[in-house]
Amino acid sequence: MPKVVVMDASPTPIFNRGYTHLRGGDAAISLGLMLPIGPELGREEMVPIQHSIDLTRRAEEAGFQGLWVRDVPLAIPQGLSPENQQAVFLDDPFLLLGAMAQATSTIALGTAATVLPLRHPLHVAKSALTLDRLSGGRFILGIGSGDRPEEFEIFGRDLDGRREAIRRGWTLLRAAFSPDEAGRAPLYEVTGGHAPTTAPEAQIPLIAVGSARQTVQWIVRNADGWATYYRPAEQQVGRLDLWNQARASVRNPTNPDPLLISSMGLELTDTSGEIELGLRTTSQGLIDHLHTMRELGIHHVILNISGRPAGEVIDQIGAEVLPHLG
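Numbering (full-length UniProt numbering), first residue to last: 1 to 326.
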């Protein structure tokens, strides 16, 4: 099991309350939910927005600490094999999160992840700052590099330039999200002194989702958190070793204690086994797995629920799992 790195007691910036909500206590691990989820639909149908809003309220009432949505600009078929290719039609993440913000009051709201190389960072900044205002300081921006070559060709963007596009956009977003004038200087240098909105009351966090085409060292130095994908525990240990080694050698000047997040597919049943990028398990099995994840240093787990009606699973997790997570 990797040793969890504890950094020195440097002052941490004042982040918005969404970021604080995800962290929980020292021994606690928090749970998030990836939306939208079902109901069962045809191949080219979309989840009704009201269904997502109902699940949003249900998750907050059950005690979940985060709600996350994906950014899929175009419904391009994907799958592990040619015969299983399927297009996924999703609503705009910022607009959907705006509706979720109006339906909730405490739960954190985030993107996992915004495909930054396909969007102008000033447009992203405007949407993120507005969402943070709508939600009362609960928005978290997860950034990814995108993995669909067709989208880059259609949007006229350079697929091979994703790494540098992330870095340029990150600098601009970090500045736009700063509550103080000194921190906003890189934004003003680009815009000639103009800003998309007034400064937020607290820092809006930036999370790297996947590798975002960056090294782990770059993520440690620049991000407020890292969201990695599910792996069986023995494989996750090796991945988290890289994180802890990077934290021991690289310092983040604005956030000495970034969040560590993992996504996980979940089928909550009365049996156990592996599924694609996740687990089929019982409530007790989920509790045990989450405790193991916390021991490895993970603060927050984003669940991608399948196999049963989502509302039933949310209620069961609220009653049988969340009370045992610290």
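Using N, Cα and C, we set each Cβ at its ideal position, and we do this for glycine too.
For residue i, name the three-state secondary structure that DSSP assigns.
i	result
methionine 1	In this prediction, methionine 1 has a pLDDT of 46, which is less than 50 and means its spatial position is unreliable; what the coordinates show is noted afterwards. Three-state DSSP puts methionine 1 in coil, outside helix and strand.
isoleucine 53	helix
histidine 299	coil
glutamate 45	coil
phenylalanine 15	strand
proline 74	Sequence check: residue 74 is leucine here, not proline. Three-state result, leucine 74: coil.
leucine 35	strand
glycine 66	strand
Closer than 6 Å by C-beta to residue i: which residues in its own chain qualify, once you throw out the five before and the five after it? Chain order, please.
i	result
proline 149	Leu159
alanine 165	Pro117
asparagine 304	Met34, Gly265
If the criterion is Cβ atoms closer than 8 Å, does the pair residue i and residue j meet it?
i	j	result
leucine 268	leucine 242	no
residue 413	histidine 289	Look at the range of the chain in this structure, 1 to 326, and you will see that residue 413 is not part of it.
leucine 33	histidine 299	no
methionine 100	threonine 56	yes
glycine 146	arginine 167	no
arginine 70	alanine 112	yes
glycine 137	alanine 199	no
tryptophan 205	alanine 176	Note that residue 205 corresponds to proline in the displayed sequence, not to tryptophan. Result no, Cβ atoms of proline 205 and alanine 176 do not sit closer than 8 Å.
isoleucine 37	glycine 326	no
alanine 227	serine 272	no
Roughly how far, in whole angstroms, is the beta-carbon of residue i from the beta-carbon of residue j, given that I think they are within contact range, below 8 Å?
i	j	result
glycine 18	alanine 108	4 Å
alanine 223	proline 179	No, alanine 223 and proline 179 are not in contact; Cβ-Cβ is about 18 Å, not under 8 Å.
tryptophan 170	glycine 110	Going by Cβ atoms, the distance from tryptophan 170 to glycine 110 rounds to 16 Å, so no, they are not a contact pair.
isoleucine 207	glycine 142	4 Å
glycine 79	valine 115	About 19 Å; that fails the 8 Å criterion.
Which residues in the same chain have their Cβ closer than 8 Å to the Cβ of residue i, if we skip the five residues on either side of it in sequence?
i	result
isoleucine 53	Ala99, Met100, Ala103
arginine 308	Glu267, Leu268, Thr269
Apart from the five residues just before and just after residue i, which ones in its own chain have a Cβ nearer than 7 Å to its Cβ?
i	result
serine 10	Confidence in serine 10 is poor, its pLDDT being 41 and thus under 50, which makes the residue's placement too unreliable to answer from.
alanine 233	Thr292
Scan the stretch 192-240 and note each continuous beta strand (DSSP E) run of 3 residues or more that stays entirely inside, going in chain order. Taking 3 residues as the shortest admissible run, the stretch 192-240 contains the following complete beta strand (DSSP E) segments, listed from N- to C-terminal end: 206-209, 225-228.
Please list the segments of the alpha helix (DSSP H) lying wholly inside the stretch 120-144, counting only runs of 4 or more residues, in order along the chain. At a cut-off of 4 residues, the continuous stretches assigned as alpha helix (DSSP H) that sit fully inside the stretch 120-144 are 121-134.
Ignoring anything shorter than 4 residues, give me the alpha helix (DSSP H) runs that lie fully in the stretch 93-120, in order along the chain. Qualifying alpha helix (DSSP H) stretches, in chain order: 93-103.
Entirely within the stretch 266-319 and at least 4 residues each: give me those alpha helix (DSSP H) ranges in chain order. Scanning the stretch 266-319 for uninterrupted alpha helix (DSSP H) segments of 4 residues or longer gives 283-295, listed from N- to C-terminal end.
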